[in-house]
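> First to last, the protein sequences are chains F and R. With the first letter of the first sequence counted as 1, position 218 gets the number 695 in the working numbering; the numbers rise by one all the way through. With the first letter of the second sequence counted as 1, position 68 gets the number 545 in the working numbering; the numbers rise by one all the way through. Cβ coordinates follow ideal geometry from the N, Cα and C atoms, glycine included. It should be emphasised that the depicted structure is a prediction, and the values quoted were computed from it without experimental measurement.
2 protein chains.
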Amino acid sequence: MSNNNHGKNGDQPVIPPFDRDFAIEKYNPAHTGGMSKEQALEEIVPLRTRLNDLQNVLYADRRFSILVILQGIDTAGKDGTINSVFQVVGPLGCHVANFGVPNEEELAHDYMWRYHKQCPERGKIAIFNRSYYEAVLVERVKEIVPPSTWRERYDEINAFERYLDDQHTVVMKFFLHISKDEQRERLQERVDNPRKQWKFRSGDIDERRNWDTYQSAFEDMVRKCNTRHAPWHVVPADRKWYRDVVVARALVERLEQLDLKYPQTAEGVAGLKVV
Amino acid sequence: MSNNNHGKNGDQPVIPPFDRDFAIEKYNPAHTGGMSKEQALEEIVPLRTRLNDLQNVLYADRRFSILVILQGIDTAGKDGTINSVFQVVGPLGCHVANFGVPNEEELAHDYMWRYHKQCPERGKIAIFNRSYYEAVLVERVKEIVPPSTWRERYDEINAFERYLDDQHTVVMKFFLHISKDEQRERLQERVDNPRKQWKFRSGDIDERRNWDTYQSAFEDMVRKCNTRHAPWHVVPADRKWYRDVVVARALVERLEQLDLKYPQTAEGVAGLKVV
C-alpha cells in the first residue's frame with residue numbers, strides 16, 4: 478500500500494463506531510481533526526490531569542479495572558503515547574506490560590496465558606505495549622502458525638475480551654496508524670541519531686519489507702475484533718501531538734462513563750480525632 | 478519518642494555515611510538543609526528531567542538494574558515520593574511493586590521469594606513500595622515471628638543485597654523519616670478530607686500506638702543493614718518538598734557514578750539509508 482492511498486479522507490471519523498467494514502486505506506494517518514500542533518499541546522495538559530483524577534477515583538472505587546492495549550507497526554509510537562498520555566498518572570497509577578518474543582515457559586502455555594497473567598487487578602490500569610493481538614499479527618505475517626490457526630484466534634480473542642468485560646475489566650484498544658513514509662523517516666532518525674541508534678535493529682528493515690502484509694493483518698484485526706464491549710480506536714499517528722490527544726480523550730471519555738465514586742464514609746470515621 | 482527529641486540536630490547530615498551507630502533521634506524529620514519550599518520546588522524540576530535522561534541511557538546501556546526501596550511508617554509519603562521523583566521518568570521507565578499482606582502462595586515460600594520475583598531486569602528501574610525489610614519491621618513489631626527469627630534476617634538481607642550488587646543491581650534504600658506530630662496531622666487529614674477518607678483504616682490508629690516500637694525497628698534496620706554496597710538514606714520527610722529533592726538528588730548522583738553509555742554503532746548501521 479503506497480502512501481498515496483492516504484490523505485484523501487481527512488474528514489473520516491477518528492474512531493470507527495463498530496465499523497466491521499473497516500478499510501485501512503480510508504483512514505488518513507496524517508489526519509489532525511483540523512487541530513494545530515499548538516492547540517493539541519494545550520489540550521493534552523488538562524487531559525493528563527483529568528486522567529490522573531479519574532485514576533485516583535478508579536483506585537478508591539475498586540469496582541473496575543482498565544486494560545489499555547496499544548498496537549501498531551514498528552515506530553508507530555507506542556512508547557511515546559504511554560509517556561505522554563500517562564505522564565501525570567505516573568508509575569504508581571498504572572503498570573506497563575511489554576511483550577516481546579515469548580520465552581520457553583510462555584511458549585509451553587496456551588498463547589493467552591502470559592497476557593492474562595498481566596491483566597490489571599480491580600482499581601488499576603494496565604497498559605499492554607503489544608498484546609495477544611500479536612497472535613494475529615506477527616505470527617500471521619511471519620507464518621509462525623498456519624492460517625487455520627490464526628484464523629480461529631479472532632473469535633477466541635473476542636470471547637476473552639467479552640469475559641474480561643463481564644468481570645468489569647474495561648478493554649480500551651488503540652491501533653496507532655502511521656504511513657509508510659512516516660515509518661521511513663522514523664527509522665532513518667534511529668540510524669542518524671547517535672542517541673537512538675541502539676534502538677535500531679537490522680531486522681527493522683526486513684520487517685519493513687512486510688509492510689503490506691502487516692497492513693492487511695491490522696485491517697483484519699480491527700475488522701474482526703471491533704466489538705461493542707471492546708471497540709478498536711483507529712488513531713491517526715503520523716502527528717504525535719494529535720495521536721496523544723486522541724488517545725487521552727478516548728480514555729477520559731470512557732472513564733467518565735463509569736460513574737466512579739469515592740467510597741462512602743465508614744461507620745465511626747467522620748469526625749474522629751486522631752491523637 | 479516525642480517530637481521534642483527532634484529538631485535539635487538540624488545540622489545532621491541528611492544521609493548517614495555508613496553510620497552503624499545510627500540513632501534515629503539524632504535525625505530531625507523536619508530538617509530542610511536550609512532550603513526554602515520555593516527553592517526545593519525549583520530544584521526538583523531539572524532533577525526529574527535528569528533522572529529521566531539517565532533512565533534512558535540505563536536502558537540503552539543494559540549493564541545495570543536499579544532497585545529503589547522505600548520504607549517508612551504509615552503516611553510517611555512513599556506514594557507521594559514515587560509520584561514526584563519519577564514524574565518525568567513515567568510508567569514506561571520504571572515499575573512500582575507494592576507489597577501488602579502476603580497471600581497463601583507467598584506465605585508458602587521463603588520470605589524473600591515474592592520480592593526477588595519483582596527485582597528489575599537489566600536496564601530497568603524497579604521501585605519497591607515497602608520491601609523485604611517488612612520482615613524486620615511489621616513482623617517484628619506485631620510479633621508475627623519470634624525474635625530469634627527476625628534477628629537472623631539482618632544478615633540474610635545483607636547477604637541478599639550483596640548478591641544483587643554483584644549481579645549489577647544497584648540497591649538504593651530510602652527511609653522516609655517523619656515525626657509523630659506530622660503523622661497525626663496526616664492521619665487527621667485522611668479523616669477530614671472526603672477524598673482521602675477511603676484511605677483511612679481503623680487499623681491505622683492501632684498501628685500508631687506502636688509508634689515507639691516501630692522507631693526501634695527502623696533504627697535497627699538502618700543500623701544493621703547500612704552497608705557499603707547498599708547504604709540506607711535517611712530522608713527527613715516532614716516537608717514533602719525537601720524529601721523529594723533529597724531522594725532525587727541521591728538517585729541522580731548514584732546513576733551518574735555508573736558511567737552509563739549509549740552502545741556503540743553496530744556494524745553497517747552508520748550512514749544506512751532507509752528506503
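Given that tryptophan 675 of chain F touches chain R, what residues does it touch there, using C-beta distances under 8 Å?
Ala537, Tyr739 and Pro740
> Helix, strand or coil for valine 751 of chain F, going by three-state DSSP, please let me know.
coil
> Name the residue from F/Lys601, F/Glu581, F/Gly511 and F/Ile501 whose alpha carbon lies nearest to the alpha carbon of asparagine 529 of chain F.
F/Lys601
> Just how far apart, CA to CA, sit alanine 475 of chain F and isoleucine 604 of chain R?
This structure gives no information on residue 475 of chain F, because the portion of chain F shown stretches from 478 to 752.
> Quick check: glutamate 684 of chain R and aspartate 556 of chain R, are their CB atoms within less than 8 Å of each other?
No, Cβ-Cβ distance for glutamate 684 of chain R and aspartate 556 of chain R is not below 8 Å.
> Closest to lysine 701 of chain F by C-alpha separation, out of F/Ala636, F/Leu547, F/Val722 and F/Arg540, would be which residue?
Its Cα nearest to that of lysine 701 of chain F, the residue F/Ala636 stands out among F/Ala636, F/Leu547, F/Val722 and F/Arg540.
> Quick check on the burial criterion: 16 or more other C-beta atoms within 10 angstroms. Buried or exposed for isoleucine 501 of chain F?
buried
> Cysteine 571 of chain F touches chain R at which residues, Cβ-Cβ below 7 Å?
Pro568
> Kindly identify the DSSP beta-bridge partner or partners of threonine 646 of chain R.
R/Ser542
> Can the beta-carbon of glycine 554 of chain F be found closer than 8 Å to that of leucine 653 of chain F?
Contact: yes.
> Taking alanine 727 of chain F and aspartate 642 of chain F to be in contact with their CB atoms under 8 Å, please state how far apart those CB atoms are, rounded to whole angstroms.
The Cβ separation is near 16 Å, so there is no contact.
> Against chain R, does leucine 749 of chain F count as a neighbour if the rule is that its beta carbon must be under 8 Å from one of theirs?
Taking Cβ atoms only, chain R reaches closer than 8 Å to leucine 749 of chain F, which makes this a yes.
> Determine the burial state of alanine 743 of chain R: buried for a count of at least 16 other Cβ atoms within 10 Å of its Cβ, exposed for fewer.
exposed
> Output the residue ranges of the beta strand (DSSP E) runs that lie fully inside the region 644-727 of chain R and measure 3 residues or longer, sorted by chain position.
646-654 and 709-713
> Measure the alpha-carbon distance for tryptophan 688 of chain R versus aspartate 697 of chain R and round it to whole angstroms.
14 Å
> Going along the chain, which unbroken runs of the alpha helix (DSSP H) with 4 or more residues stay wholly within the region 540-611 of chain F?
555-562, 567-570, 581-584 and 590-594
> Can you tell me where the alpha helix (DSSP H) with phenylalanine 497 of chain R in it begins and where it stops?
For the record, residue 497 of chain R in the displayed sequence is arginine; it is not phenylalanine. No alpha helix (DSSP H) contains arginine 497 of chain R, which DSSP labels as neither H nor E.
> Between arginine 599 of chain F and proline 506 of chain R, what straight-line distance do the alpha-carbon atoms span, to the nearest angstrom?
35 Å
> Run the CB neighbour count on alanine 747 of chain R, radius 10 Å, all protein chains shown included, and call it buried at 16 or more, exposed below.
So alanine 747 of chain R ends up on the exposed side.
> Rounded to whole angstroms, what is the Cα-Cα separation between leucine 584 of chain F and valine 578 of chain F?
9 Å
> What do you reckon, are the CB atoms on valine 712 of chain F and isoleucine 543 of chain F nearer than 8 Å?
In this structure, valine 712 of chain F keeps its C-beta atom at 8 Å or more from the C-beta atom of isoleucine 543 of chain F.
> Which word fits isoleucine 559 of chain R, buried or exposed, when buried means at least 16 other C-beta atoms lie within 10 angstroms of its C-beta?
Counting Cβ neighbours within 10 Å, isoleucine 559 of chain R comes out buried, since at least 16 surround it.
> Answer yes or no: does any C-beta atom of chain R fall closer than 8 Å to that of isoleucine 559 of chain F?
yes
> Between tyrosine 609 of chain F and isoleucine 634 of chain F, what straight-line distance do the alpha-carbon atoms span, to the nearest angstrom?
8 Å
> When the distance is taken between beta carbons, is tryptophan 627 of chain F closer than 8 Å to arginine 639 of chain F?
no
> Keeping to the same chain, check which residues put their C-beta closer than 8 Å to that of glutamine 741 of chain R; ignore five residues upstream and five downstream.
none
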